[in-house]
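Per my numbering, the very first residue in the sequence shown carries number 145; after that it's consecutive. In this text, a Cβ means the ideal position worked out from N, Cα and C, and glycines have one as well. Okay, so here's the structure we're looking at.
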Amino acid sequence: MAVEQPLTSPPGETTRIHDIGYRGYDGPRLGRAYARRSLYSQSLRGAYGLGRSVKSKVLPMLLFAVMCVPAAIMVAVAVATKAHELPVAYTRYAIMLQAVISLYVASQAPQAVSRDLRFKTVPLYFSRPIETADYVRAKFAALASAIFILTAAPLLVMYVGALLSKLGFAHQTKEFAEGLVSVALLSLLFAGIGLVIAAVTPRRGFGIAAVIAVLVITYGAVSTLQAIAEVQGHSGAIAWIGLFSPVTLIDGVQSAFLGATARNPGGVAPSTGEGIVYVLVTLALIAGCYGLLVRRYKKVGL
């Protein structure tokens, strides 16, 4: 009777090494500066939905259009009526549309940082040649640049339209430069506040609501208090009340030093001394937001 022999693998066939294509990197080590620039560009593109899904592009592009369309209409009106001045000053435009800017910051600040917190990818950034300050600078600069593009683009439309309408070149250039300084300061302040709030929670919805509350509700509350002060004859308090809202802070700085008309209920522009206080408070808020972000990410990155 034949006995069936068990099947055995020939020697050397039990273990195999497969080449799946891993190779060592022999190229240049680009270092922290390259990593910081890459994070900045990626974050800036993401602020307008570039490189992301179509759904992610809808809101930022829509808000960008909402910012630019009124400027184009004003230019068309100025050309048609042969006006000697634009209907709205460059420094007033961003304050008039501050609700649109606040909505943009509320939607994009959480997008910039909340996903990294939610999916706990922040430590992965710091496993590369990048430090906490590099991450914060890249995110801060990217959002500030995105807000500056949003606010400066309509001013550029107005400036080009004014030159095509043959308005005074020197006068328009001066006012355009003042408007750019104003929106640059606004961009830094709004970016810092938005990122600090968004970095507190990984929940994007909570971040959006919190940013809207801080930017919009504080403006409404401060404007109401200023109106009450004006009615009760305390005009001297209007400028000091304006220190407690990001929007009125920018309005105070530009009405004190950039030739803008104050937008507060009494139309009271801060004095030179009060304007210096506005500038110092604004710069302190920007620096404070940066410091809070660095402190926050030192803990998150552990």
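- Residue burial annotation: Leu261 is buried, with at least 16 other C-beta atoms found within 10 angstroms of its C-beta.
- Secondary structure of Val344 (DSSP, three-state): coil.
- Assigned with DSSP and collapsed to three states, Tyr192 falls in coil, not helix or strand.
- Distances from the CA of Leu333 to each of Ala215, Gly323, Lys442, Tyr434 were compared; the closest alpha carbon is that of Tyr434.
- Annotated three-state conformation of His315 is helix, per DSSP.
- Counting C-beta pairs with one atom in each stretch, the region 344 to 357 and the region 370 to 378 have fewer than three that are closer than 8 Å, which means they do not touch.
- In the DSSP assignment, Lys264 falls outside any alpha helix (DSSP H), carrying neither H nor E.
- Secondary structure of Glu418 (DSSP, three-state): helix.
- Cα atoms of Val202 and Val249: separation of roughly 15 Å, rounded to the nearest angstrom.
- Leaving aside the five residues that flank Thr368 on each side, none in its chain has a CB nearer than 7 Å to its CB.
- With a cutoff of 8 Å on beta-carbon distance, Ala222 and Pro214 are scored as not near each other.
- Per DSSP, Glu374 is one residue of the alpha helix (DSSP H) stretching across 362 to 375.
- Cβ contact annotation for Leu393 (same chain, cutoff 8 Å, sequence separation greater than five): Leu333, Gly386, Leu387, Tyr422, Val425, Thr426, Leu429, in chain order.
- Excluding its 5 nearest sequence neighbours in each direction, Thr295 has C-beta neighbours in its own chain below 6 Å: Ala238, Val327, listed in chain order.
- Going by beta carbons, Pro273 and Arg181 fall outside the 8 Å limit.
- Straight through space, the alpha carbons of Gln186 and Ala342 are spaced by roughly 18 Å.
- Of the other Cβ atoms in all chains shown, fewer than 16 fall within 10 Å of the Cβ of Ile217; this residue is therefore exposed.
- In this structure, Val397 is the residue among Pro254, Val397, Leu436, Val438 with its C-alpha nearest to the C-alpha of Glu418.
- Distance from the CA of Pro204 to the CA of Thr405, rounded to the nearest whole angstrom, comes to 29 Å.
- The DSSP assignment places no complete run of the beta strand (DSSP E) inside the region 170 to 250 (cut-off: 3 residues).
- Across the structure, Val219 and Tyr279 are spaced so that their CA atoms are roughly 40 Å apart.
- When C-alpha distances from Trp384 are compared across Ile420, Leu330, Val198, Pro254, the shortest belongs to Ile420.
- Just so you know, the alpha carbons of Glu229 and Ile291 end up roughly 27 Å apart.
- Ranked by Cα distance from Gly411, the options Asp395, Phe401, Leu402 are led by Asp395.
- Contact between Leu300 and Ala253 does not hold, since the beta-carbon distance rounds to 24 Å and is not under 8 Å.
- Distance between Cys212 and Ala233, taken at the CA atoms: about 15 Å.
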